[in-house]
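*Asks:*
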Amino acid sequence: MIRVDEKGFYGKFGGAYIPEMLHPNIEELRENYEAIVATKEFQDEFQSLLRDFVGRPTPLYFAKRMSEKYGAKIYFKREDLCHTGAHKINNTIGQIILAKKLGKKRIIAETGAGQHGVATATVCALMGMDCIVYMGELDIQRQRPNVERMRILGAKVVPATSGSKTLKDATNEAMRAWINDPVGTHYIIGSVVGPHPYPEMVARFQSVISEEIKWQLKEKEGKENPDLVIACVGGGSNAAGAFYHYYNTPEVRLIAAEAAGLGVTSGKSAATTALGTPGILHGSKTLLMQTEDGQVIEPHSISAGLDYPGIGPVHAHLFDIGRGEFVAVEDEDAMKAGIELSRMEGIIPAIETAHAIHALNLIEYSKDDVIVINLSGRGDKDLDTYIKWGGY
Amino acid sequence: MNRIHYLFNTKKERVLSIYFTAGFPKLEDTLPTMEAIQAGGADIIEIGVPYSDPIADGPTIQDSNLIALENGMSLKKLFDQLVGFRAKIHVPVVLMGYLNPIMQFGMEEFCKKCKEVGIDGLILPDLPMQQYLEDYKTLFDSYGLVNTFLISPATNEKRIREIDSHTNGFIYMVSSNSITGAKTGISEEQIAYFERVQAMNLKNPRLIGFGISDAESFSTASKYGNGAIIGSAFIKTVKNSSNLDADIQQYIQSVIN
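Going line by line, the protein sequences match chains A and B.
According to my numbering, the first sequence holds residues 190 to 581 in order.
According to my numbering, the second sequence holds residues 20 to 276 in order.
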């Protein structure tokens, strides 16, 4: 069985390696979240917001032209059609309701490309809560439109100026900010990373993705289980959501597309399972890109959302036990896959998502196979990157 | 007897622990810094093992970590530097470090090296008590290493009692809900927290850290605990020092006198 144990571990990975100053926050969350999430009141509010505000269920779309080209039955789970443009909002809706029930007044979040920041700023506006988003100084320069979207929504964007000034450092800053206000603040982590119970909690809020895939596929194919599910993995929240209800169905192959950057061995990569070793980052034990001295290595990916040196502990576990198949997709191939999807199906994907599309070229399958690709986000935010790359 | 136990058996008041980052400001400054801290009159030396992602630390210590890493500091290098330091240093020495670099070095090998060179205790801020008890307590004990836990204003009484029962050295009282170097001076709210903990009559001595920077804050902290820990303010002192030995001694003298 793949599930988190009572101490917060998935096999060897997970746990809550946090300074004592954060212990009360994490305990409060751990003790209360399952009970709160199980209440009818929570579920009613969560489900109605997912339906009326986010726009769920998102379609499961049969991609006819790509199916012909690749020789399989390819479906897209259209998370790119969620309000704010990506799956990220499924989690922020869940956590903001939880934060309110816990009596929190102020929300903090980290963001890389800005998608999680925008999703957090959006739900804070919805609930009338103060919102502070930590973002690497470099990412602020690279992702100007998302910074302005957050500001329009009323959030304060605080630059993380330490280290490499990207997502890892924004996460450090958010954790430090949480230490500085442990009572009034809730920290909305955007991926299946961080100390227990975050990885499982975020995965559960995202699990609506595979929950819908099951009944939608039943309607279209007469069976709940595809042969393969493909998703991109940075921290791994969209993959966790797309895999969740298939973890313990071994006949469904789970394919995770990591960012190889300029090439796995180029020194400019974010392919965590290919390059990582067990270590501790941001409160959990997981696979981590690090030097032999245990210093965290700066990752590289053309996609800011995959530019993270670790991976959610559940994915480290899937890799470790061989339940997940991990492929590494280079920048150039991802960009080309993005253009291919645009031209063949009329969908411009986020560059993160484009990594999952290219995975079709890296794995074996047969022509009767039903493949569901999680289309985690749309490409609007990446126009600048597409334009600079120019290969279209 | 472990030097930490000996210290607190013989000195109950105004115990001063000084934190510095190994390999900062220069790679080879580790030992001269330790000698100057001892000569200046501090009671405990806390050596920080630099890490790329120190989440409990503010900008001053983050910067010192980064510079130390750029200088080439690592645990391996640090243990090389520490060989033979006990010929000159008699005060207790503790290593403060985040878990990941130690895990990569190998926990048992780390403990063995600590014992070999003469380290007395450890402060590992991201090692939670439960994990310590389950995975590392036996190991630390077998190498004679005293483990130190932190408590903060948010730590409840039950948890403080639990920490006290599993501590056999001293408790590191974080003075406010903050990261290192974030606040200076001591507020009434903090005093209330110090008094609350003082009234609990814990079995372990308490050193108060975070926000202690000068004679005044050291004296206040010493009123409510057995002494204090200074980190960020010390790092600032050495950062631009042109005469490390003299500046360190002068700074420590200014705090304790």
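Even for Gly, the Cβ is constructed at its ideal location relative to N, Cα and C.
1) Show which residues of chain A have a CB atom less than 8 Å away from the CB atom of Val193 of chain B.
2) Would you mind giving the Cβ-Cβ distance between Pro502 of chain A and Leu477 of chain A, rounded to the nearest angstrom? I have them listed as a contact below 8 Å.
3) Suppose only complete runs of 4+ residues qualify. What are the alpha helix (DSSP H) ranges in the stretch 498–575 of chain A, listed by chain order?
4) Drop a sphere of 10 angstroms on the beta-carbon of Gly579 of chain A, count the other beta-carbons inside from all chains shown, and report buried for 16 or more, exposed for fewer.
5) For Leu470 of chain A, which residues in chain B fall below 8 Å Cβ to Cβ?
6) Give the DSSP-derived three-state secondary structure of Glu65 of chain B in the structure shown.
7) Asn223 of chain B touches chain A at which residues, Cβ-Cβ below 8 Å?
8) Can you find a CB in chain B that lies within less than 8 Å of the CB of Ile398 of chain A?
9) Am I right that Asp460 of chain A and Ala448 of chain A are in contact with their C-beta atoms under 8 Å? What's the rounded C-beta distance?
10) Extract the residue ranges of the alpha helix (DSSP H) inside the stretch 297–384 of chain A, only unbroken runs of 4 or more that lie entirely within it.
11) Expressed to the nearest angstrom, what Euclidean distance is found between the alpha-carbon atoms of Ile329 of chain A and Lys45 of chain B?
12) Apart from the five residues just before and just after Ile66 of chain B, which ones in its own chain have a Cβ nearer than 6 Å to its Cβ?
13) Just the chain B side, please: which residues come within less than 7 Å of Arg365 of chain A by C-beta, in chain order?
14) Using 8 Å as the limit for Cβ to Cβ distance, is Asn221 of chain A near chain B?
15) Figure out for me which residue from B:Ser36, B:Ser194, B:Lys156 has the closest Cα to the Cα of Leu169 of chain B.
16) Quick one: is Ser351 of chain A near chain B, going by C-beta distance under 8 Å?
17) Smallest Cα separation from Lys258 of chain B: which of B:Asp48, B:Lys30, B:Asn276, B:Tyr162?
18) What is the C-beta distance between Gln268 of chain B and Gly137 of chain B, in whole angstroms, given that I count them as a contact (C-beta under 8 Å)?
19) In the DSSP assignment, the alpha helix (DSSP H) including Leu464 of chain A goes from what residue to what residue?
20) Might you give, ordered along the chain, the residues of its own chain that have their beta carbon closer than 8 Å to the beta carbon of Cys313 of chain A, omitting 5 neighbours on each side?
21) Would you check if there are 3 or more beta carbon pairs closer than 8 Å linking the stretch 559–579 of chain A to the stretch 275–283 of chain A?
22) Taking Thr79 of chain B and Lys255 of chain B to be in contact with their CB atoms under 8 Å, please state how far apart those CB atoms are, rounded to whole angstroms.
23) Under 8 Å, Cβ to Cβ, is there at least one residue of chain A near Asn166 of chain B?
24) Between Tyr199 of chain A and Leu35 of chain B, what straight-line distance do the alpha-carbon atoms span, to the nearest angstrom?
25) Go to Leu221 of chain B, then tell me how far its alpha helix (DSSP H) extends in each direction, as first and last residue.
26) Using a Cβ-Cβ cut-off of 6 Å (strictly less than) and excluding sequence neighbours within five positions of Leu270 of chain A, which residues of its own chain qualify?
27) Are the Cβ atoms of Tyr323 of chain A and Val347 of chain A separated by less than 8 Å?
28) State yes or no: is the C-beta of Val453 of chain A within less than 8 Å of the C-beta of Gly424 of chain A?
29) Using the C-alpha atoms, what's the distance from Gly483 of chain A back to Tyr155 of chain B?
30) Applying a beta-carbon distance threshold of less than 7 Å, which residues of chain A neighbour Gln209 of chain B?
31) If we ignore side chains and look at the alpha-carbon of each, how far apart do Asn221 of chain A and Gly197 of chain A end up?
32) DSSP three-state label for Thr200 of chain B, please.
33) Which partner residues does Cys479 of chain A have in the DSSP bridge list?
34) Measuring only the C-alpha atoms, how far is Arg659 of chain A from Ala428 of chain A?
35) Could you tell me the alpha carbon to alpha carbon distance between Met219 of chain B and Asp76 of chain B, rounded to whole angstroms?
36) When you compare each of B:Val68, B:Ile179, B:Gln272 to Ile142 of chain B by their alpha carbons, which one comes out closest?
*Replies:* Quick look at the numbers:
1) Glu209, Met210
2) Actually they are not in contact, since the Cβ atoms of Pro502 of chain A and Leu477 of chain A sit about 11 Å apart, beyond 8 Å.
3) 502–509, 520–534, 540–547
4) exposed
5) Asp72, Asn119
6) strand
7) The premise fails here: Asn223 of chain B is roughly 15 Å from chain A at the closest Cβ pair, so nothing lies under 8 Å.
8) Taking 8 Å as the threshold, the shortest C-beta distance from Ile398 of chain A to chain B does not fall below it.
9) According to the sequence shown, residue 460 of chain A is Ala rather than Asp. Right, the Cβ-Cβ distance comes to about 7 Å (below 8 Å), so this counts as a contact.
10) 304–316, 326–331, 333–341, 356–369
11) Between Ile329 of chain A and Lys45 of chain B, the C-alpha separation is close to 33 Å.
12) Ala41, Leu114
13) Ile74, Ile198
14) no
15) B:Ser194
16) yes
17) The option with the nearest alpha carbon to Lys258 of chain B is B:Asp48.
18) Between Gly137 of chain B and Gln268 of chain B the Cβ distance is about 22 Å, and since that is not below 8 Å, they are no contact.
19) Element bounds for Leu464 of chain A: 461–464.
20) Ile285, Ile296, Asp319, Cys320, Leu342, Gly343, Ala344
21) yes
22) 6 Å
23) no
24) 42 Å
25) Here Leu221 of chain B belongs to no alpha helix (DSSP H), and DSSP marks it neither H nor E.
26) Excluding positions up to five away in sequence, the list reads Thr247.
27) yes
28) Cβ atoms of Val453 of chain A and Gly424 of chain A: not closer than 8 Å.
29) CA-CA distance, Tyr155 of chain B to Gly483 of chain A, rounds to 19 Å.
30) Within chain A, no residue comes near Gln209 of chain B; the closest Cβ sits about 14 Å away, beyond 7 Å.
31) 15 Å
32) Looking at the sequence shown, residue 200 of chain B is not Thr but Gly. Look at Gly200 of chain B here: in three-state DSSP terms it is coil, with no helix or strand label.
33) For the sequence presented, residue 479 of chain A should be read as Gln rather than Cys. Answer by DSSP bridge pairing, in chain order: A:Val485.
34) Since the first and last residues shown for chain A are 190 and 581, residue 659 of chain A lies out of range.
35) 28 Å
36) B:Val68
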